[in-house]
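Single-structure report; data block below.
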Amino acid sequence: MNQLIKDFLARLKLFLPIIIGIGTSIFVITFQSIRNFEQTINQSANKNVNLNEELINKIILESVIIGVIIIVLLSTIVYFLTIENIRNYLKQISISKKKLVSTKKALTFSEQKFETIFNNSSDEIFLADLNGNFIEVNQLVCEKLGYTKVELLKMSFLDLKTPKYKPFVSKNLKKIIAEGFHTYETENVSKSGKVISVEMKSRMIDCSGTKMIVSIARNITQRKAIEKKMVSTILKTEEKERKRFATDLHDNLAPILSTIKLYSDLIRKGDNKKLDLNEAITNIDELTDMAISTTKEISNNITPTILHDFGLATAIREFCNYVNSTKSVNIQIKTEDYNLETRGIFETILFQTTKELINNTLKHALAKNITIELKNNKNQVILYYKDDGIGFDAEKILKESTGLGINSIINKLKTVKGTYDINSNKGEGMFILIAVKVDEDSGQSSVPIRQ
Numbered sequence: 256m257n258q259l260i261k262d263f264l265a266r267l268k269l270f271l272p273i274i275i276g277i278g279t280s281i282f283v284i285t286f287q288s289i290r291n292f293e294q295t296i297n298q299s300a301n302k303n304v305n306l307n308e309e310l311i312n313k314i315i316l317e318s319v320i321i322g323v324i325i326i327v328l329l330s331t332i333v334y335f336l337t338i339e340n341i342r343n344y345l346k347q348i349s350i351s352k353k354k355l356v357s358t359k360k361a362l363t364f365s366e367q368k369f370e371t372i373f374n375n376s377s378d379e380i381f382l383a384d385l386n387g388n389f390i391e392v393n394q395l396v397c398e399k400l401g402y403t404k405v406e407l408l409k410m411s412f413l414d415l416k417t418p419k420y421k422p423f424v425s426k427n428l429k430k431i432i433a434e435g436f437h438t439y440e441t442e443n444v445s446k447s448g449k450v451i452s453v454e455m456k457s458r459m460i461d462c463s464g465t466k467m468i469v470s471i472a473r474n475i476t477q478r479k480a481i482e483k484k485m486v487s488t489i490l491k492t493e494e495k496e497r498k499r500f501a502t503d504l505h506d507n508l509a510p511i512l513s514t515i516k517l518y519s520d521l522i523r524k525g526d527n528k529k530l531d532l533n534e535a536i537t538n539i540d541e542l543t544d545m546a547i548s549t550t551k552e553i554s555n556n557i558t559p560t561i562l563h564d565f566g567l568a569t570a571i572r573e574f575c576n577y578v579n580s581t582k583s584v585n586i587q588i589k590t591e592d593y594n595l596e597t598r599g600i601f602e603t604i605l606f607q608t609t610k611e612l613i614n615n616t617l618k619h620a621l622a623k624n625i626t627i628e629l630k631n632n633k634n635q636v637i638l639y640y641k642d643d644g645i646g647f648d649a650e651k652i653l654k655e656s657t658g659l660g661i662n663s664i665i666n667k668l669k670t671v672k673g674t675y676d677i678n679s680n681k682g683e684g685m686f687i688l689i690a691v692k693v694d695e696d697s698g699q700s701s702v703p704i705r706q
């Protein structure tokens with residue numbers, strides 16, 4: 256509208272000379288008519304003559320003609336001043352209307368697109384107020400929890416939690432409001448009573464001036480089950496190690512110590528008929544050396560000193576050399592490309608993994624040759640293991656709770672976030688490729704390798 260007024264004034268300025276000219280002409284004509292009318296009346300008055308009807312009609316006619324001319328001229332001026340602006344204004348209204356229709360269509364499409372994405376997301380999405388009451392949920396939430404949308408919009412986060420996690424709802428809401436976002440694990444209960452472990456990623460948003468909380472829930476029930484299985488396997492492995500340790504002490508060290516005690520008792524009693532003193536002392540010395548050697552062997556089975564002192568590559572080479580000396584299998588090992596100086600729990604895991612793989616090959620594979628390669632690419636350790644044995648059904652073994660110790664190896668690797676690729680078929684041997692990225696999560700330490 257302001258633009259319309261500006262255009263009008265611009266045109267008015269353009270036609271100003273014409274308007275002045277026409278206005279002057281109208282003024283002169285009108286003024287002359289009035290003078291003529293005045294003169295006629297004066298003449299009639301001086302002569303004491305009454306104005307006849309014909310004269311009055313003439314004067315009225317002239318006045319009407321002048322009025323019409325004035326109206327026509329003014330209308331013409333106004334027309335030329337405003338017609339273009341009116342056209343432009345109407346054109347702008349038409350364009351604005353088209354834009355409004357186009358914007359409305361785009362908005363409708365955008366809303367439909369958002370609704371489609373919202374309801375077809377692979378994650379559960381909750382929109383709630385600052386008290387945790389649901390404002391909106393997507394279709395997947397309804398499907399996973401078994402509630403209708405109408406039912407859910409009458410509920411809150413608190414209504415979905417297991418008793419274990421109910422006390423944390425208020426704390427999580429406060430943290431989201433205070434920090435703007437929060438990621439946490441929790442448990443939801445479906446309408447049927449099924450407990451679903453989820454990871455929630457919540458964030459504060461501003462929707463048309465209203466603060467809300469949008470939360471994306473990802474089902475981690477399977478991950479939790481794997482973690483539980485992994486912990487169970489680790490505990491079983493530890494229990495197995497403790498039993499082996501107890502067996503080693505009982506079967507290997509205890510008999511030696513018992514024999515030493517027997518000799519010492521005989522010496523203390525001074526029974527020279529049954530015992531030669533020098534021979535007894537010599538036997539005690541030999542048995543003591545044997546006990547020390549056995550203790551070192553048992554200790555080395557728990558945590559090899561060579562691994563701690565010289566590092567992973569040397570420990571694997573020494574173990575392979577020991578196996579090669581038995582002539583039971585031929586192991587080819589390559590460690591020249593391993594030069595990582597970082598130390599940590601990943602070394603123990605990889606060393607134990609290598610020993611278990613070799614033991615599995617010796618017990619089950621009937622292999623003649625084993626190939627092992629250890630290398631690193633910057634901070635990533637890569638272990639390649641291959642044998643030419645009878646092989647096995649890898650897919651079947653991985654599905655079993657126990658089997659050739661493969662699942663035990665896999666669960667150990669998961670503790671350091673290791674990845675693996677196993678390939679084996681019956682009659683074709685097996686190979687496994689293991690990769691471990693060495694970082695803080697792998698539990699490394701800065702213990703230097705002994706030179």
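Numbering (our numbering), first residue to last: 256 to 706. Where a beta carbon is used, it is the ideal one built from N, C-alpha and C, also for glycine.
| query | result |
| --- | --- |
| DSSP three-state assignment for Asn-386, whether helix, strand or coil | coil |
| Buried versus exposed call for Asp-696 [16 or more other C-beta atoms within 10 Å across all chains shown] | Because Asp-696 carries a pLDDT of 48, less than 50, the predicted location of this residue cannot be relied on, and the following value inherits that uncertainty. The residue is exposed, with fewer than 16 neighbouring Cβ atoms inside 10 Å. |
| Sequence-distant residues of the same chain with beta carbon closer than 7 Å to Ala-501, five excluded per side | none |
| Residue of Lys-399, Asn-388, Asn-386 and Met-685 minimising C-alpha distance to Ser-376 | Lys-399 |
| Whole-Å CB distance - Glu-628 paired with Tyr-639, under 8 Å assumed | 4 Å |
| DSSP three-state assignment for Arg-377, whether helix, strand or coil | The identity of residue 377 in the sequence shown is Ser, whereas the question assumes Arg. Note: Ser-377 maps to coil in three-state DSSP. |
| Inter-residue Cα distance where the pair is Asn-631 and Leu-595 | 7 Å |
| Expected contact under 8 Å - CB spacing of Thr-725 and Leu-532 to nearest Å | Past the edges of the chain, shown from 256 to 706, lies residue 725, and the structure says nothing about it. |
| The stretch 430-441 contacting the stretch 390-410, beta-carbon criterion three pairs below 8 Å | no |
| Burial state of Cys-575, where buried means 16 or more other Cβ atoms lie within 10 Å | buried |
| Sequence-distant residues of its chain with Cβ nearer than 6 Å to Gly-684 (five each side left out) | Asp-642, Asp-643, Gly-644 and Gly-646 |
| Given Ile-432 as reference, the closest of Met-459, Lys-449 and Asn-443 once Cα atoms are compared | Met-459 |
| Between the CA atoms of Gly-660 and Ala-568 - distance to the nearest angstrom | 23 Å |
| Boundaries of the alpha helix (DSSP H) in which Glu-650 is found, first to last residue | 649-654 |
| Contact check, Ile-637 vs Phe-606, beta carbons under 8 Å | no |
| Where Ser-457 falls, given that 16 or more other Cβ within 10 Å makes a residue buried | buried |
| Selected residue, minimal CA-CA separation from Pro-422, among Glu-442, Ile-475, Leu-408 and Lys-404 | Glu-442 |
| Strand pairing of Thr-465, partner residues [DSSP] | Cys-462 |
| Straight-line Cα distance separating Ser-679 from Arg-499 | 30 Å |
| Coarse secondary structure for Leu-408, derived from DSSP in three states | coil |
| Cβ neighbours of Glu-496 in the same chain (closer than 6 Å, five flanking residues each side left out) | none |
| 6 Å Cβ shell around Val-304 - same chain, five flanking residues per side excluded | At Val-304, the pLDDT of 49 sits below 50, so the modelled position is not reliable; the number obtained from the coordinates is stated separately. Cβ neighbours of Val-304 beyond the five flanking positions: none. |
| Neighbour-count burial assignment, Leu-612, 16 or more Cβ in a 10 Å radius | buried |
| Whole-angstrom distance between Leu-407 and Gly-401, CA atom to CA atom | 10 Å |
| Three-state secondary structure (DSSP) of Asn-634 | coil |
| Backbone secondary structure at Gln-706 - three-state DSSP | Bear in mind that a pLDDT of 34 at Gln-706, under 50, signals an unreliable position, so the model cannot answer this. |
| Cβ pair Ile-511, Met-545 closer than 8 Å | yes |
| Span separating the alpha-carbon of Gln-635 from that of Lys-672 | 12 Å |
| Boundaries of the alpha helix (DSSP H) in which Val-424 is found, first to last residue | 421-434 |
| Separation of Tyr-593 from Tyr-518, as counted between CA atoms | 50 Å |
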